[in-house]
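So this is what it looks like as structure tokens:
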């Protein structure tokens with residue numbers, strides 16, 4: 004069946020956004036403040052293949068990826084949990100903050116890495132440095148990456164070793180992180196990422212807030 008012919012007016016009319024389905028904005032976990040227990044993974048240069056092995060990257064759905072987090076470290080060759088790995092120990096139950104080693108999230112750009120961390124239950128990761136792409140992917144998925152000075156990081160790791168119930172308090176509005184004996188310290192985050200996390204939206208969701216203003220501008224300048 005041949006396509007219908009367009010008249011002259013229809014042929015010259017530009018295609019508009021109103022004529023194509025609008026993409027729904029993705030919701031991400033909203034982050035305002037958090038007080039929670041933590042665990043330490045001191046390894047430096049933990050890459051995304053160690054966070055979530057490549058054999059699990061065929062999926063495009065986040066569901067179930069938390070079970071694969073650090074899979075090659077969490078499980079022994081026979082598939083049983085490795086009792087020596089921190090996430091398999093009783094003290095890890097319910098923790099929401101990961102204290103990671105330097106240069107966490109290096110390697111490939113796979114978004115599955117923050118998916119797996121969030122899927123396991125982490126809401127924030129504290130390190131002295133993150134790989135840039137990992138940091139960007141994290142904030143897009145509701146995971147807050149916090150960079151602190153090496154001296155503060157070392158003190159935090161030592162304090163956590165002495166107290167498995169240590170709680171960390173994070174306030175994204177004021178961009179501060181604190182723990183017992185440590186006054187709140189500022190951490191860097193770009194304003195756009197901060198806004199998206201506070202509102203629980205991705206880039207598209209943020210832009211859609213201004214849809215009416217954009218439509219009004221287009222109408223006024225048509």
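Residue numbers (this note's numbering): 4 to 225. Every residue, glycine too, gets a C-beta built ideally from N, C-alpha and C.
- Under the three-state reduction of DSSP output, residue 91 falls in the helix class.
- Take the alpha-carbon of residue 98 and the one of residue 160: they are about 15 Å apart.
- Per DSSP, the unbroken alpha helix (DSSP H) holding residue 121 starts and ends at 115-123.
- Closest option to residue 152, judged by alpha-carbon separation, among 58, 129, 177 and 108: 129.
- Within its own chain, the residues whose Cβ lies closer than 8 Å to the Cβ of residue 71, once the five positions on either side in sequence are excluded, are 55, 56, 59 and 119, listed in chain order.
- The closest CA to that of residue 163, considering only 191, 39, 65 and 48, is found on 39.
- Judged by DSSP in its simplified three-state form, residue 136 adopts helix.
- When DSSP states are grouped into helix, strand and coil, residue 53 belongs to the helix group.
- Of the residues assessed, residue 184 falls on the exposed side of the cut-off, its CB having fewer than 16 other CB atoms within 10 angstroms.
- Under the three-state reduction of DSSP, residue 177 is assigned to coil, being neither helix nor strand.
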